[in-house]
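Undergrad: Sending over a structure as C-alpha cells; questions will come in a sec.
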Amino acid sequence: MPLLTSEMNIELALKKAHIIPKFIPENFSSTTLLEIKYANDQDVALGNELNLQDTINPPDIFFLPADESEFYTLMLIDPDAPSAQDNHYSPFRHWIVTDIPGSSSQINGNTSNQLSSYYKPSPPKGTGFHRYIFFLYKQKGGKLDINNTSIPESRAKFDFQQFAKDNQLTLVGVNFFKASS
C-alpha cells in the first residue's frame, strides 16, 4: 500500500472538490500548511462541513512553514455564488488580508491589513453546499503598495486570479470547507 503524503492528500481533496484545475493549476504544489480554526474549535479540514453559526466571525489562522523575511496575502473566496449550478456571481470575495508578516504567521479578525473586511459565509437557502476556499499567497518584494492596489466595490465576480497576477502573488497554501443554509 503506498504511503500518502500530506501534499498528496491536499491535491486529492482539491481535485475531488473540483478546485484543481478550475481555480488552481494542475502543477500546484502546496508548500505551506494552512491551519484554520473557527468558533467552537471548528477546524477547516480540506472540505469538511461547517455550521454557519460557527463562521459568523473571522477564524484564527496559522501557517507553516512561514518564511520570516516574507509577507503574505490571504483570500477567502466562494466559487459557488449564488449556487454551484448557477455561479454567475462567482467568485464571491469574502475576505482579503495583505502584508501578513511571515515572522508572525498568524491571522485573526483583528488583523489591521484587511483590504476587504471579513464577510461571513451566507449561502442562500436551497442552493446546496458552497465551497469556501482560503488561498494563501507569498508576496513578491515585500509589502503591497496599497495605494496602487484596488479592488472593485462589489464582492461578486471578483477575479482573484487576476488580482494575484497583478500583485505578483505566488500561491503557497490552500484549505477549504463546505457549508449550506
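Reading the sequence shown from the start, the letters are residues 181 to 361 in this note's numbering. Idealized CB from N, CA, C, for every residue including glycine. Remember, predicted model here, so these are calculated numbers, not experimental data.
1. Going by DSSP, which residues form a beta bridge with Leu254?
2. Which runs of the beta strand (DSSP E) spanning at least 3 residues fall entirely within the stretch 186 to 241, listed in chain order?
3. With a Cβ-Cβ cutoff of 9 Å, do Ile216 and Thr253 count as a contact?
4. With DSSP collapsed to three states, give me the class of Lys358.
5. Checking the sheet assignment: what are the DSSP bridge partners for Thr350?
6. Grab the span of the beta strand (DSSP E) containing Ser296 for me, first residue to last.
7. Does the pairing of the stretch 317 to 324 with the stretch 269 to 286 give three or more beta-carbon distances under 8 Å?
8. Mind reading off the beta-carbon distance from Pro238 to Tyr298? Whole number of angstroms is fine, and I expect it under 8 Å.
9. Can you tell me whether Ser292 is buried or exposed? The criterion is at least 16 other CB atoms within 10 Å of its CB, across all chains shown.
10. Taking DSSP as the reference, what is the three-state secondary structure of Met181?
11. Thinking just about the alpha-carbon of each residue, which of His268, Ser302, Val354 is nearest to the one in Leu244?
12. Identify the residues that DSSP records as bridge partners of His310: which are they?
13. Could you tell me the distance, in whole angstroms, from the CA atom of Ser263 to the CA atom of Lys305?
14. May I ask you to list the residues that DSSP assigns as paired with Phe175?
15. Can you list, in chain order, the residues of its chain with a C-beta nearer than 7 Å to that of Asp221? Leave out the 5 residues immediately preceding and following it.
16. Any beta carbon of chain B sitting closer than 9 Å to that of Gln286?
TA: If we stick to the structure as given:
1. Val277, Leu316
2. 213 to 218, 222 to 224
3. no
4. strand
5. Lys318
6. 294 to 296
7. yes
8. 4 Å
9. exposed
10. A caution first: Met181 carries a pLDDT of 41, below 50, which makes its placement in the model too unreliable to give a value.
11. Val354
12. Ala359
13. 10 Å
14. Examination of residue 175 is not possible in this model, given that the chain is present from 181 through 361 alone.
15. none
16. Of the protein chains in the structure, only one exists, and it is not chain B.
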